[in-house]
Amino acid sequence: MAAILVGGPATATAQDCPDVEVVFARGTDEAAGLGRVGNAFVESLRGRVGDRSVGAYAVNYPASYDFLAAAAGANDASGHIQYMVANCPNTRLVLGGYSEGAAVIDVIAAVPVPAIGFNSPLPANVPDHVAAVAVFGNPTAKLGLPLTRSPVYGARAIDLCNPGDPVCTDGESVAAHRDYAGAAADQAARFAAGLL
């Protein structure tokens, strides 16, 4: 005879909670998952934190050319962050995103109020759990609003923009925008590891 369990979402136990959790939003048109830059960043970070465990959460959103989809990503990221804070309070969070994914992180970190379809602002206690924020090819940097200027996250943020990247500068080099999975990912991982 089979047993059926009925209930709400499972609650994490201490053994289910990593020491560090990276919440990363991939760039436009990348397949579901962390994306090239996210994978490179997470792997580099894992190599820099000794025996601490590093989990990775790929923000679930369309990552399409409809940049209003960033709100869907922000809602998903916010939900996961809030879950981690409630269920894994000792886990240090690292937020990250590339291109449109950086805009997702901007929505929850730099504009933490309901807007453009974003309806899940982070509670006031969340910043205490966020060790670092790392974004790459961030569209708001082009507007003069990099995350490093955030009054809440600025000191623990790294906002990388390659020279000539048309998404975060007035440049015209698409190759520059696609070149964050190497040295830039390592630079951001070094920065984040130093804050953990």
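For the sequence shown, this note's numbering gives the first residue as 1264, with consecutive numbering after it.
Ideal Cβ positions, reconstructed from N, Cα and C, are used throughout, including at glycine.
Predicted, not measured: the structure shown is a model, and the values here were computed from it.
State yes or no: is the C-beta of residue i within less than 9 angstroms of the C-beta of residue j?
i: V1370; j: A1333; result: yes
i: V1359; j: A1326; result: Before going further, note that residue 1359 is Gly rather than Val in the sequence given. The answer is no: Cβ separation not under 9 angstroms.
i: D1422; j: P1414; result: no
i: E1363; j: G1290; result: yes
i: R1315; j: D1282; result: yes
i: A1288; j: A1321; result: yes
i: S1307; j: A1452; result: yes
i: A1319; j: V1300; result: no
i: V1286; j: V1317; result: no
i: L1458; j: R1412; result: no
i: A1303; j: A1397; result: no
i: S1436; j: F1381; result: no
How would you label residue i, buried or exposed, when you count the other beta carbons within 10 angstroms and need 16 or more for buried?
i: L1356; result: buried
i: D1339; result: buried
i: Y1328; result: exposed
i: A1446; result: exposed
i: I1379; result: exposed
i: N1388; result: exposed
i: A1266; result: Any answer about A1266 is weak, because its pLDDT of 40 lies below 50 and its placement is not dependable; what the coordinates show is given next. By the neighbour-count rule (16 or more Cβ atoms within 10 Å), A1266 is not buried but exposed.
i: P1272; result: Unreliable positioning characterises P1272 in this predicted model, as indicated by a pLDDT of 48, which lies under 50. A coordinate reading is not provided.
i: A1448; result: buried
Residue i to residue j, Cα distance in whole Å?
i: P1384; j: A1337; result: 9 angstroms
i: G1270; j: C1431; result: Residue placement at G1270 is poorly supported in this model, since its pLDDT is 39, which falls under 50; the coordinates still yield a value, given next. Near 46 angstroms, if we compare the C-alpha coordinates of C1431 and G1270.
i: G1417; j: P1390; result: 11 angstroms
i: H1392; j: V1348; result: 7 angstroms
i: I1368; j: G1400; result: 12 angstroms
i: R1311; j: F1330; result: 33 angstroms
i: H1343; j: P1352; result: 13 angstroms
i: R1309; j: G1407; result: 31 angstroms
i: P1386; j: P1402; result: 25 angstroms
i: L1268; j: T1354; result: Because the pLDDT of L1268 is 38, which lies under 50, any placement of that residue in the model is unreliable, and the number read from its coordinates should be weighed accordingly. L1268 and T1354: Cα-Cα distance of roughly 28 angstroms.
i: E1293; j: Y1361; result: 10 angstroms
i: N1350; j: C1424; result: 34 angstroms
i: P1426; j: Q1450; result: 15 angstroms
Would you please state the rounded distance, in angstroms, between the beta carbons of residue i and residue j? I believe it to be under 8 angstroms.
i: G1434; j: D1428; result: 6 angstroms
i: A1395; j: A1455; result: 4 angstroms
i: A1335; j: Y1346; result: At roughly 17 angstroms, the Cβ-Cβ gap does not stay under 8 angstroms, so A1335 and Y1346 are not in contact.
Alpha helix (DSSP H) containing residue i: first to last residue?
i: G1298; result: 1298 to 1309
i: Y1346; result: 1333 to 1350
i: A1452; result: 1446 to 1458
i: A1404; result: 1402 to 1405
Which residues mark the beginning and the end of the beta strand (DSSP E) in which residue i is found?
i: E1435; result: First-last for E1435: undefined, no H or E at that position.
i: D1422; result: 1420 to 1423
i: V1321; result: First, the amino acid is wrong: residue 1321 is Ala here, not Val. Start and end: 1317 to 1321.
i: S1367; result: First, the residue type needs correcting, since residue 1367 is Val and not Ser in the sequence shown. Counting along the chain, V1367 falls outside any beta strand (DSSP E), though it belongs to the alpha helix (DSSP H) covering 1363 to 1372.
i: A1295; result: Here A1295 belongs to no beta strand (DSSP E), and DSSP marks it neither H nor E.
i: A1288; result: 1283 to 1288
i: F1399; result: 1393 to 1399
For residue i, decide whether its Cβ has a neighbour in chain C, counting only Cβ atoms nearer than 9 angstroms.
i: L1356; result: The chain inventory of the structure shown lacks chain C, comprising one protein chain alone.
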